[in-house]
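The numbers in our numbering rise by one with no breaks, and the one at position 104 of the sequence shown is 107. Just below is one structure, and these are the notes that go with it.
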Amino acid sequence: MVVVLPPCRCCCCCMGGRHGQCEQQHREQQEQQQQQQQQQQQQRQQEQQQQQEQQQQQEQQQQQEQGRQQDGGSGEVCCPHCRSRSTCGEMCGMAERVCAWLQQQQVGVVNVAGPRESEQPGMTRAARCFTAALLLRWLQLKETT
4 MVVVLPPCRC CCCCMGGRHG QCEQQHREQQ EQQQQQQQQQ QQQRQQEQQQ
54 QQEQQQQQEQ QQQQEQGRQQ DGGSGEVCCP HCRSRSTCGE MCGMAERVCA
104 WLQQQQVGVV NVAGPRESEQ PGMTRAARCF TAALLLRWLQ LKETT
């Protein structure tokens, strides 16, 4: 009885009686392709993880920057100007910038707890003046828009 093996799908080397060798080569090629695909998937996963980590770092930086902007309060804003005895015009300019920031952030309500006592003389008075001017200007801008 003669057994005829079917020819390989990709080449005609099986016709010469080398069917076993051809199948082994095909298996090796398939294994190599699978390994390459696995490596590519691992690379993609690593890239995705790196991108996620970068996004998280950027978000944390943005949150920290926003926290710095909001945590300082009027006392921190006024402190350098109290020391240098700045003019009223400079304080008004700062109030304008803060008002612009409030509008940009679309702040609807401002809760003011009042300036805290400071060890520096005149700080509380300066903080109150700045906060009052700021809030008046902000309310005027809010009413006109």
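Glycine included, C-beta positions come from ideal geometry on N, C-alpha and C.
Problem set entry | Alpha-carbon to alpha-carbon, K145 and E60 | The question names Glu, but residue 60 in the sequence shown is Gln. Taking the Cα positions, Q60 is about 35 angstroms away from K145.
Exercise. R30 by DSSP, collapsed to three states: which one?
Worked result: Here R30 sits in helix by DSSP.
For this session: Verify whether the separation of the beta carbon atoms of C102 and R131 is less than 7 angstroms.
Result: Their beta carbons are not under 7 angstroms apart, which means C102 does not touch R131 by this criterion.
For this session: Just the C-alpha distance for Q49 and E56, rounded to the nearest angstrom, thanks.
Result: When only Cα atoms are considered, Q49 and E56 end up about 10 angstroms apart.
Exercise. If you check the beta carbons only, do A135 and A98 fall under 7 angstroms apart?
Worked result: Taking 7 angstroms as the Cβ cut-off, A135 and A98 do not qualify as a contacting pair.
For this session: May I have the straight-line CA-CA distance separating R150 from Q35, to the nearest angstrom?
Result: In the structure as shown, the chain starts at 4 and stops at 148, and residue 150 therefore has no counterpart that could be examined.
Problem set entry | Proximity to V112 [Cα-Cα], best of G96, L138 and F133 | Restricting attention to G96, L138 and F133, the CA atom closest to the CA of V112 is found in L138.
For this session: Reducing DSSP to helix, strand and coil, say where Q59 ends up.
Result: Residue state, collapsed to three classes: helix.
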